[in-house]
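>
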Amino acid sequence: MSTQPTTVEVYPGKEAVIDFDPALTFECVEECTWCCHHGVLLYEKDLMELAARENLSESTTQFRGQDFVRQEHKDREEHVDEAGQACFFLREDGLCALHDEHDWKPARCSVFPLHVTVEEGDATAREGGDMHVSIRDTAHEHCEGLNVSERLVIEHLDGFLPELLWELDDPETYREL
Numbered sequence: 006m007s008t009q010p011t012t013v014e015v016y017p018g019k020e021a022v023i024d025f026d027p028a029l030t031f032e033c034v035e036e037c038t039w040c041c042h043h044g045v046l047l048y049e050k051d052l053m054e055l056a057a058r059e060n061l062s063e064s065t066t067q068f069r070g071q072d073f074v075r076q077e078h079k080d081r082e083e084h085v086d087e088a089g090q091a092c093f094f095l096r097e098d099g100l101c102a103l104h105d106e107h108d109w110k111p112a113r114c115s116v117f118p119l120h121v122t123v124e125e126g127d128a129t130a131r132e133g134g135d136m137h138v139s140i141r142d143t144a145h146e147h148c149e150g151l152n153v154s155e156r157l158v159i160e161h162l163d164g165f166l167p168e169l170l171w172e173l174d175d176p177e178t179y180r181e182l
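So the sequence shown is numbered by this note's numbering: it starts at 6 and just counts up by one.
1. If CYS3 sits next to GLY150, beta carbons under 8 Å apart, how far is it from one beta carbon to the other, in whole angstroms?
2. Starting from SER62, follow the alpha helix (DSSP H) in both directions and report where the run begins and ends.
3. Whose CA, out of ARG58, THR8, VAL15 and VAL85, lies closest to the CA of PRO111?
4. Could you give the residue range of the beta strand (DSSP E) that holds GLU77?
5. Taking contact to mean 3 or more Cβ pairs, one atom from each stretch, closer than 8 Å, check whether the region 166-174 and the region 13-32 are in contact.
6. DSSP on ALA161, reduced to helix/strand/coil?
7. Going by other Cβ atoms of all chains shown within 10 Å of its Cβ, with 16 needed for buried, is PRO10 buried or exposed?
8. Can you tell me whether CYS144 is buried or exposed, with buried defined as 16 or more other CB within 10 angstroms of its CB?
9. Run through DSSP, which three-state label would HIS107 get?
10. By DSSP, does VAL13 sit in helix, in strand, or in coil?
11. Please go through the same chain and pick out, in chain order, the residues whose beta-carbon is closer than 8 Å to the beta-carbon of SER64, but skip the five residues on each side of it.
12. Going by other Cβ atoms of all chains shown within 10 Å of its Cβ, with 16 needed for buried, is LEU47 buried or exposed?
13. Bridge partners of LEU46, per DSSP?
14. What does the alpha-carbon distance come out to for the pair ASP135 and LEU119?
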């Protein structure tokens, strides 16, 4: 179903162009962890927050000059990549150690299952370019939390889109390890 893009104020003075059905709902479901097999990009502010909570030399790696949460082998059959790898912080009980133990998660994790871009031809997000938000194509196939609750995504965008994203030159969220 195609919808017309809608501009929504997420924070005072910070708007996003929403290109998904406004009736879309999302709620993480127990033991899904599909999003945890992607490499978690750490923006600079996330890296500093993580350093205050965990040992960076154990939990992070660099790839093409960017910081990511390290992936490691998990004894799970589902929601790991082809090599059996998933996020360093995914515990065997299916919970995120960062979220469960520290009540915090990197911006990139908050965004799932959304996809954030600044449209070509626009300025950067920092310079007032339009931030566009859609649903990841693969989320429709794999994310078990879509349309399973009453929690409208459009009404909770501040939970999905941390203010940090507006500070970035390029808030593109589809960068993987």
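Just so you know, even glycine gets a beta-carbon here, dropped at the ideal spot from N, CA and C. Note that the structure is a prediction, hence the values are computed from the model and not measured.
Quick answer:
1. In the structure as shown, the chain begins at 6 and stops at 182. Residue 3 is therefore absent and cannot be evaluated.
2. 61-64
3. Residue ARG58 is the option with its Cα nearest to PRO111.
4. 76-78
5. With the cut-off at 8 Å, the region 166-174 and the region 13-32 touch.
6. It is His, not Ala, that sits at residue 161 in the sequence shown. Helix.
7. exposed
8. Checking the sequence, you will find Ala at residue 144 rather than Cys. With 16 or more other Cβ atoms within 10 Å, it is buried.
9. helix
10. strand
11. The answer, listed in chain order, is LEU55, VAL74, ARG75, PHE93 and PHE94.
12. buried
13. According to DSSP, LEU46 shares a beta bridge with PHE73.
14. 16 Å
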